[in-house]
Amino acid sequence: MGLPKFTRPKGHDDELCCNLYVANCGPAVGLTIDSITSAFSKFGTVKGVYPADESGSRVIVSYYDENSAQSALKALDRCPCPDLGGRSLHIRYSVQRPQLQVVATDSVEVCLEASELNIPGIYLIHDFVSAQEEEQLLAAVDERPWHSLAKRRVQHYGYEFCYDIRNVNTQHRLGNLPSFVDCILEKIPVFKKLDEAADVSLDQLTVNEYPTGVGLSPHIDTHSAFEGSIYSLSLSGPCIMEFRGSDDRDKERSNSRRRAIYLPPRSMLLLSGEGRYAWQHYIPHHKVDKVKDTVIRRGSRRVSFTFRKVRKGPCQCDYSQFCDSQS
Ligand SMILES: O=C(O)CCC(=O)C(=O)O
Ligand SMILES: [Fe+2]
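In the numbering used here, the protein residues as written are 530 to 856.
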């Protein structure tokens, strides 16, 4: 049986419940599960004693009855416990995390191909760069200075992207895109076969480095900042990218407007048309992703190269409700 996952109760600290989080208690401090069970059984029938984490010195004592838990907490918290070698325990209430429910309602089938997504304008090409090119691209960015944001690091080329205004300062050009991305830019025109209208002359690059488990909040890239084609190359580690149809305010229906795609390293994603202008994209903050029936661990980092073309005039897209140029 898997380990039950417990957390602190949401409400007031002294709200009654059946489970106690007991610190300074467990095999790592010389107390067996049997001796802990026996000591806590004085206050009522113990349903189970489980490790609270990997430390070996914190356990969850679970009773059938709240009153038993309350009595144990009152008697044993911060008092030397004679049945446990005089050890002083630190005890709080704890509730079981509704984990299965979260997974069930929160998960969305992850597609492997963009065509399965059913979002117009989204395309994915696997193995867009070779393993050797991937290595060279990573080495090139690692030789250059990173700029640290709260949870990830970035580099900007061509134009700087300003996160506070979610836009670029078109008056301040940093220069040409660096020559180490030539091997990518040369191949970009193959997207024309998938999307005739794809922009292939790109002048802005943001490199993002995400540590394991770090994702990206839902957003639509500002319409007035960039033209209609946004390319994102994934390197080093995989992730999933989710999409949310942003006009859907009805929570009941929101699942039908949520889609997800698996982005393996070396794949190139194109967001264009409706997928670029009218769907939010984001990367869930997960350390592992469930893709079909396989659990895939995110690597120690994912590095993405996002190529865009800075817009010089107002956006005139057909999605005015999402367009900052038209509102
Ligand atoms: O990391 C990525 O693949 C996406 C980055 C992104 O959406 C952005 O910078 O706007
Ligand atoms: Fe984006």
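Ideal Cβ positions, reconstructed from N, Cα and C, are used throughout, including at glycine.
At least one heavy atom of ligand 2 lies less than 7 angstroms from the C-beta of D750. Using a Cβ distance threshold of 8 angstroms, S801 and G757 count as a contacting pair.
Distance between R831 and V575, taken at the CA atoms: about 45 angstroms.
Contact annotation: L667 and G687 have beta-carbon atoms that are not nearer than 8 angstroms.
Inclusion of F720 and L798 in the CB contact set at 8 angstroms is not warranted, their separation being larger than that value. In the DSSP assignment, V817 falls within the unbroken beta strand (DSSP E) covering V817 to V820. Beyond the five residues adjoining it in sequence on each side, Y593 comes within less than 8 angstroms, by CB distance, of C547, G573, T574 and K576 in the same chain, given in chain order. Collapsing the DSSP output to three states places Q845 in coil.
Restricting attention to E715, V683, L602 and D728, the CA atom closest to the CA of T735 is found in V683. Distance from the CA of H748 to the CA of T741, rounded to the nearest whole angstrom, comes to 21 angstroms.
For S801, there is no enclosing beta strand (DSSP E), as DSSP gives it neither H nor E. K838 places its beta carbon less than 8 angstroms from that of D732. Distance from A789 to E803 at the Cβ level is roughly 17 angstroms; contact not present, criterion being Cβ atoms closer than 8 angstroms. Where L714 is concerned, the enclosing alpha helix (DSSP H) starts and stops at D711 to L714.
Contact between the region 664-678 and the region 815-827 is not established, with fewer than three Cβ pairs separated by less than 8 angstroms. Per DSSP, the continuous alpha helix (DSSP H) segment holding S600 begins and ends at E595 to L605.
Each residue's CA atom was taken as its position, placing V820 and S644 some 16 angstroms apart.
Around the CB of Y791, 16 or more other CB atoms lie within 10 Å, so the residue is classed as buried. Beta-carbon to beta-carbon, V588 and G555 are separated by about 5 angstroms, close enough to satisfy the 8 angstroms threshold. Relative to L545, the option among G559, S591 and N553 whose CA is nearest is S591.
For V697, there is no enclosing alpha helix (DSSP H); the residue is part of the beta strand (DSSP E) that begins and ends at N696 to R702. Judged by DSSP in its simplified three-state form, E756 adopts coil rather than helix or strand. Taken atom to atom, the span from the alpha-carbon of L613 to that of E642 is near 58 angstroms. Measuring C-alpha to C-alpha distances from K716 to each of G774, I769 and F657 identifies F657 as the nearest. For ligand 2, no non-hydrogen atom lies closer than 7 angstroms to the CB of H685.
When only Cα atoms are considered, T835 and A598 end up about 54 angstroms apart.
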